[in-house]
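All remarks here apply to the structure that follows.
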Amino acid sequence: MELNVSMINSDKSGSPDIQFDQVTKRYGDVVALDNVSLSVERGEFFSFLGPSGCGKTTSLRLIAGFEQPTQGNVQIGGVSVIGVPPHRRPVNMVFQHYALFPHMNVSDNIGYGLRQRSPKPPKSETYRQVDELLEMVQMSGYGKRRIWELSGGQQQRVALARALINKPTVLLLDEPLAALDRKLRRDMQIELQTLQRDVGITFILVTHDQEEALSMSDRICIMREGCVVQMGSPRDLYDQPSNLYVADFVGKSNFITGSVTNINGRYVTVEDANGRTFVGAPSASASGFSVGVAASIAIRPELIVVSSHNSCAVDMATDVALNGRIKNRIFLGEHTEYLIETDGLGDILVLSPKHIESKRGAFEPGEAVALGWKNAAALALEDS
Amino acid sequence: MAMRLYSVAVYLFLYVPIGIIVLFSFNSGRHASSFEGLSVKWYGKALSNPFVLEALTTSLIIALSAALLSSLMGTAAALALQRIRGPLRAMFDGLIYVAIMIPGIVIGIATLIALVTVFDLLNPVLGALWPADAAPPKLSLGYASVIAAHTLFTMSLVIVLIRARIAGMDRALIEASEDLYASPWRTFLQITLPQLFPAILAGFLLSFTFSFDDFIISFFVAGPNTTLPIYVFSSIRRGITPEVNAIGTMVLGASLTLLIIAQVLLRRREGR
Ligand SMILES: Nc1ncnc2c1ncn2[C@@H]1O[C@H](COP(=O)(O)OP(=O)(O)OP(=O)(O)O)[C@@H](O)[C@H]1O
Ligand SMILES: [Mg+2]
Numbered sequence: 003m004e005l006n007v008s009m010i011n012s013d014k015s016g017s018p019d020i021q022f023d024q025v026t027k028r029y030g031d032v033v034a035l036d037n038v039s040l041s042v043e044r045g046e047f048f049s050f051l052g053p054s055g056c057g058k059t060t061s062l063r064l065i066a067g068f069e070q071p072t073q074g075n076v077q078i079g080g081v082s083v084i085g086v087p088p089h090r091r092p093v094n095m096v097f098q099h100y101a102l103f104p105h106m107n108v109s110d111n112i113g114y115g116l117r118q119r120s121p122k123p124p125k126s127e128t129y130r131q132v133d134e135l136l137e138m139v140q141m142s143g144y145g146k147r148r149i150w151e152l153s154g155g156q157q158q159r160v161a162l163a164r165a166l167i168n169k170p171t172v173l174l175l176d177e178p179l180a181a182l183d184r185k186l187r188r189d190m191q192i193e194l195q196t197l198q199r200d201v202g203i204t205f206i207l208v209t210h211d212q213e214e215a216l217s218m219s220d221r222i223c224i225m226r227e228g229c230v231v232q233m234g235s236p237r238d239l240y241d242q243p244s245n246l247y248v249a250d251f252v253g254k255s256n257f258i259t260g261s262v263t264n265i266n267g268r269y270v271t272v273e274d275a276n277g278r279t280f281v282g283a284p285s286a287s288a289s290g291f292s293v294g295v296a297a298s299i300a301i302r303p304e305l306i307v308v309s310s311h312n313s314c315a316v317d318m319a320t321d322v323a324l325n326g327r328i329k330n331r332i333f334l335g336e337h338t339e340y341l342i343e344t345d346g347l348g349d350i351l352v353l354s355p356k357h358i359e360s361k362r363g364a365f366e367p368g369e370a371v372a373l374g375w376k377n378a379a380a381l382a383l384e385d386s
Numbered sequence: 223m224a225m226r227l228y229s230v231a232v233y234l235f236l237y238v239p240i241g242i243i244v245l246f247s248f249n250s251g252r253h254a255s256s257f258e259g260l261s262v263k264w265y266g267k268a269l270s271n272p273f274v275l276e277a278l279t280t281s282l283i284i285a286l287s288a289a290l291l292s293s294l295m296g297t298a299a300a301l302a303l304q305r306i307r308g309p310l311r312a313m314f315d316g317l318i319y320v321a322i323m324i325p326g327i328v329i330g331i332a333t334l335i336a337l338v339t340v341f342d343l344l345n346p347v348l349g350a351l352w353p354a355d356a357a358p359p360k361l362s363l364g365y366a367s368v369i370a371a372h373t374l375f376t377m378s379l380v381i382v383l384i385r386a387r388i389a390g391m392d393r394a395l396i397e398a399s400e401d402l403y404a405s406p407w408r409t410f411l412q413i414t415l416p417q418l419f420p421a422i423l424a425g426f427l428l429s430f431t432f433s434f435d436d437f438i439i440s441f442f443v444a445g446p447n448t449t450l451p452i453y454v455f456s457s458i459r460r461g462i463t464p465e466v467n468a469i470g471t472m473v474l475g476a477s478l479t480l481l482i483i484a485q486v487l488l489r490r491r492e493g494r
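Going down the list, the sequences are from chains A and L. Numbering-wise (this note's numbering), the first sequence opens with residue 3 and increments by one. Numbering-wise (this note's numbering), the second sequence opens with residue 223 and increments by one.
In structure tokens, the structure reads:
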């Protein structure tokens, strides 16, 4: 990689691309990041996921150099970047609203990063690389267009190309797809993922869309109010959430809240307000239960089985059996989502796959049904 | 109904005299009392009058210098003010608006008194410092004093225009530039300046128009120089001639054109 001579040298191989050591960032009284430690490996697709105001953008801005940590250390490629200004950091960013330069056309926007290098590469070289990137983001022939003549998706591609032209070690993306419509967003997610594999650059994505994070990332960092709640692969977060907050944030779940009455080797028993007990396996990343503390049992909607009321519940071989009535039905193509009103447990969400539906036929709203799940499918979670 | 009549009257009162000046500038006759036919001969007369041309040159020099100075200094001041916060900034903001609201006559008198006092203090000092065999330079009112007074006033207009533009500018553009390895200075040249340029140009044009049209301040501090408005004023004392109407119409046309250009520049969004 040929970068500015003044660029920090960040090529200590073996060290992670980005590392936060107990980073705290305060804006006056607001604690935007609270003692965050994390590291992002080379070539990883890493996401920050969390609700609005949890400190995702702040994390990116600390990496890009627009903010300095109040406490702690930020490293890029094994080198501390405290006090290093943004133009000397080997990272590039795709801004939330793209921040394309309105007084330049598409080509000049994309080539901007090359023109800042010293020595400046020859014009022909710049043109060649700009054309290459235009092709990569499928915008060949748009070079002479003005920025405001582009659609949202096209602007997004230009912003991406502009950030990639200097072949940064890390690409930062701040909710790059938030402004796009659903279909385009889906397409761009796939394109981004493919692109990341092709160029082999570390991507750090900020999003508050859990589906986006789950579908694209190698690893996700779930944040709340400036703290890291859990970090792990999408699978880990989905199957082994460390607490109620994560389970609620990642995917859909049914929760039964209560308090712990019994713990034996593999299972935790939780008693709800009505005195009914439910059993669940503690999540692998849970920190530990004790009798009497508040806890929840979580069951993913796709792990609940439903059958007609008159068919015998036993033949479903479930540990928990309930009766209910279909309250609402939504066809989702591959799945059908039912909201089932139960006695004592309120409304329960169930996801029924298409192949089962086609054997038996879909349930009608108002129909009485039996439902249940196996204890192994239920997770016992701390309340966070 | 009464309101409507009233506003019609106000507009008539404002624009009819201007209309008459424009109309009579095309009068072929000598007298303002009767319109005798269309002609542009007074324009020719005005433009071949050496006194008019001299006054015009003076006005142009002053207006150009004042506009140049105030757009440069105003831009620099606006950029600097952007960086300070708190009570100091509030104080400067206040002073800028006060400078815009002060009547021209006050600026005229104040600048005149200030300059004359300073000159009276400095001239003896200069005389004493100068070698005996040469005549010491004597500070007096002239081009510099008018340009300074006009710059003082128009600079606050420029600052207000540019501050508005900076406030409307997307901060992310500057961050994007720095993120793409541009140093702060190159970011200023390549991003900030082009973004501010329409406002700077508009400020230049407004300052030019103001300085070119100004009579009151110039009248106080111009010294022996005659600007175009001063020339018009003094020739009116010898009676209104169609030639003066022609000059007035030309000044009006030029000023309106510049003001419209400035408006268009300020309306245009981001570099379009
Ligand atoms: N420049 C600033 N000055 C003061 N407070 C700030 C500043 N920037 C961020 N904050 C505060 O820091 C906290 C974290 O902000 P941040 O922008 O990182 O949130 P976010 O997770 O990106 O949220 P969103 O999803 O809404 O973009 C918020 O409470 C915010 O109000
Ligand atoms: Mg944000």
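Every residue, glycine too, gets a C-beta built ideally from N, C-alpha and C. From a predicted model like this one, the values you see are computed outputs, not experimental measurements.
Distance cut-off 7 Å: residue i Cβ against heavy atoms of ligand 2
{"i": "D392 of chain L", "result": "no"}
{"i": "T128 of chain A", "result": "no"}
is_contact[residue i, chain A] using C-beta, thresh 8 Å
{"i": "I413 of chain L", "result": "yes"}
{"i": "L418 of chain L", "result": "no"}
{"i": "R387 of chain L", "result": "no"}
{"i": "L301 of chain L", "result": "no"}
{"i": "E400 of chain L", "result": "yes"}
{"i": "A404 of chain L", "result": "yes"}
{"i": "R307 of chain L", "result": "no"}
{"i": "A421 of chain L", "result": "no"}
{"i": "S487 of chain L", "result": "In the sequence as presented, Ser is not what sits at residue 487 of chain L; that position holds Leu. No, its Cβ sits nowhere closer than 8 Å to a Cβ of chain A."}
{"i": "A394 of chain L", "result": "yes"}
{"i": "R408 of chain L", "result": "yes"}
Chain L contact for residue i (CB, 8 Å cutoff)
{"i": "F97 of chain A", "result": "yes"}
{"i": "A315 of chain A", "result": "Legend: pLDDT at A315 of chain A = 47, less than 50; position of this residue unreliable, value from coordinates given subsequently. No, A315 of chain A lies away from the interface with chain L (no Cβ there is under 8 Å from its Cβ)."}
{"i": "P121 of chain A", "result": "no"}
{"i": "N94 of chain A", "result": "yes"}
{"i": "F48 of chain A", "result": "no"}
{"i": "A66 of chain A", "result": "yes"}
{"i": "F205 of chain A", "result": "no"}
{"i": "Y144 of chain A", "result": "no"}
{"i": "N6 of chain A", "result": "Any reading at N6 of chain A needs caution, since the residue's pLDDT is 41, under 50, leaving its predicted position unreliable; the model's value is listed next. For N6 of chain A, the answer is yes, since a Cβ of chain L falls inside 8 Å of its Cβ."}
{"i": "D158 of chain A", "result": "Correcting the residue identity first, residue 158 of chain A is Gln in this sequence and not Asp. Not one chain L Cβ lies under 8 Å of Q158 of chain A."}
Residue i: CB within 7 Å of a non-hydrogen atom of ligand 1
{"i": "V320 of chain L", "result": "no"}
{"i": "S17 of chain A", "result": "no"}
{"i": "T100 of chain A", "result": "In the sequence on display, residue 100 of chain A carries Tyr and not Thr. Outside the cutoff, so no."}
{"i": "G229 of chain A", "result": "In the sequence as displayed, the identity of residue 229 of chain A is Cys instead of Gly. C229 of chain A Cβ: outside cutoff for every heavy atom of ligand 1."}
{"i": "Y114 of chain A", "result": "no"}
{"i": "C56 of chain A", "result": "yes"}
{"i": "S215 of chain A", "result": "According to the sequence provided, residue 215 of chain A is Ala. The question's Ser does not apply to it. Result no, Cβ not under 7 Å from ligand 1."}
{"i": "A34 of chain A", "result": "yes"}
{"i": "Y29 of chain A", "result": "yes"}
{"i": "H89 of chain A", "result": "no"}
{"i": "G52 of chain A", "result": "yes"}
{"i": "H210 of chain A", "result": "yes"}
Buried or exposed (CB count within 10 angstroms, at least 16 for buried), residue i
{"i": "F333 of chain A", "result": "exposed"}
{"i": "V316 of chain A", "result": "Note that V316 of chain A scores a pLDDT of 45, beneath 50, so its modelled location is shaky; the value from the coordinates is reported in the next line. Exposed is the call here."}
{"i": "P178 of chain A", "result": "buried"}
{"i": "M323 of chain L", "result": "exposed"}
{"i": "E258 of chain L", "result": "exposed"}
{"i": "R490 of chain L", "result": "exposed"}
{"i": "R91 of chain A", "result": "buried"}
{"i": "P71 of chain A", "result": "buried"}
{"i": "E343 of chain A", "result": "exposed"}
{"i": "K27 of chain A", "result": "buried"}
Please determine if the region 370-383 of chain A and the region 288-302 of chain A are in contact, where contact requires at least 3 C-beta pairs separated by less than 8 Å.
-> Touching, yes, given that three or more Cβ pairs across the two stretches are closer than 8 Å.
Below 8 Å, can you find three or more Cβ-Cβ pairs linking the region 344-363 of chain A to the region 318-329 of chain A?
-> At 8 Å Cβ cutoff, the stretches touch.
Please determine if the region 359-378 of chain A and the region 235-242 of chain A are in contact, where contact requires at least 3 C-beta pairs separated by less than 8 Å.
-> no
Check whether the region 259-279 of chain L touches the region 462-479 of chain L, taking contact to mean three or more Cβ pairs, one atom from each stretch, closer than 8 Å.
-> yes
Taking any heavy atom of ligand 2 as the mark, which residues have a C-beta closer than 7 Å to it, listed down the chain?
-> The answer, residue by residue, is A:K58, A:T59, A:Q98, A:D176, A:E177 and A:V208.
Do the region 101-108 of chain A and the region 55-73 of chain A touch if we need at least three Cβ pairs shorter than 8 Å?
-> Cβ pair count under 8 Å is below three, so no.
Is the number of C-beta pairs between the region 288-299 of chain L and the region 341-352 of chain L that are closer than 8 Å three or more?
-> no
Specify whether the region 388-402 of chain L and the region 440-451 of chain L touch according to this definition: at least 3 beta carbon pairs, one from each stretch, less than 8 Å apart.
-> no
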